[in-house]
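Numbering (my numbering), first residue to last: 49 to 329.
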């Protein structure tokens, strides 16, 4: 595959000299390579020209409005599903221990206010609708949990199992354009200053329930940072919204636990296990 990457770089950036090329990470749908510590090249397991064009246009639209840095596309090869970006500074929040994570709340709240304030109609051509029903999410979570429950500390199992017996929340009344996968692994930070340097991986961006974006903040950073983020958010979150935030956070934690214990990197499972108390209590 690295030979294919070199060929694409030569085609789209003929004067660019490749000094180093390494695989940086692999997910369910994509693999990312780092070139010269300055470019990131993302390859798709299932290339789709229309999807690639849509993502490039989506990133251009978000870059105009986001108060936080998002990736800048250097080139896209539609037939192969490859997109190259300039590498943003910082490291994924999922791999860092910050002295003061509460400092992330204000920029996250402003970022989500700007993102969710984009007209859904404008973004509808650039992002799909995501209307996965809550009852189905709950069923998926229960199936995942049955595969991994033996890894959950025995004292914490009643917390998770009580949630799985609960009635799922009502569907949202309002849909907005969302990042839709705003986990700590997609937020870049400068550990020295506890500041955000970028938001990456917009593959799952969609017009959907804005509670999805808050849910992963709750899951990964805890209720205190969540509440502070909401205090800097332009729109109101009512009790129904908050119920869906908590519901999505719990479903997402179970999903990450199952992923990290099966085909995904183990740090997903480690983080999920450590966040059970604040996510399910």
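Beta carbons: idealized from backbone N, C-alpha and C, even for Gly.
Given residue i as reference, the closest of the options once Cα atoms are compared
i	options	result
residue 299	264, 315, 276, 311	264
residue 259	243, 217, 81	217
residue 57	74, 123, 76	123
residue 11	246, 269, 92	No answer is possible for residue 11: the residues shown for the chain start at 49 and end at 329.
residue 131	156, 101, 112	101
residue 212	225, 185, 235	185
residue 273	99, 148, 96	148
residue 240	61, 144, 98, 55	144
residue 64	275, 225, 54	54
residue 268	187, 224, 233	233
residue 282	323, 271, 314, 155	155
residue 140	312, 244, 318	244
residue 59	171, 125, 291	125
residue 311	62, 75, 136	75
residue 284	319, 221, 99	221
residue 227	202, 189, 175	175
residue 203	318, 62, 329, 52	329
residue 173	182, 136, 99, 248	99
residue 279	136, 84, 161, 250	161
Cβ distance (whole Å) where residue i is taken to contact residue j below 8 Å
i	j	result
residue 86	residue 134	7 Å
residue 252	residue 229	4 Å
residue 121	residue 107	6 Å
residue 177	residue 254	7 Å
residue 118	residue 111	5 Å
residue 114	residue 159	6 Å
residue 231	residue 142	7 Å
Beta-carbon gap between residue i and residue j smaller than 7 Å
i	j	result
residue 153	residue 277	yes
residue 296	residue 308	no
residue 306	residue 196	yes
residue 237	residue 157	no
residue 262	residue 235	no
residue 302	residue 193	yes
residue 68	residue 151	no
residue 66	residue 73	no
residue 304	residue 291	no
Residue i burial status per 10 Å Cβ neighbour count (16 or more: buried)
i	result
residue 165	exposed
residue 169	exposed
residue 256	buried
residue 70	exposed
residue 77	exposed
residue 91	buried
residue 180	exposed
residue 327	buried
residue 191	exposed
residue 206	exposed
residue 224	buried
residue 289	buried
residue 24	Because the chain is modelled from 49 through 329, residue 24 falls outside the range shown and cannot be assessed.
Bridge-paired residues (DSSP) for residue i
i	result
residue 92	78
residue 123	132
residue 56	Residue 56 is not bridged to any residue.
residue 254	226
residue 244	237
Neighbour flag for residue i against chain B, beta carbons, 7 Å
i	result
residue 141	No chain B is present in this structure, which holds just one protein chain.
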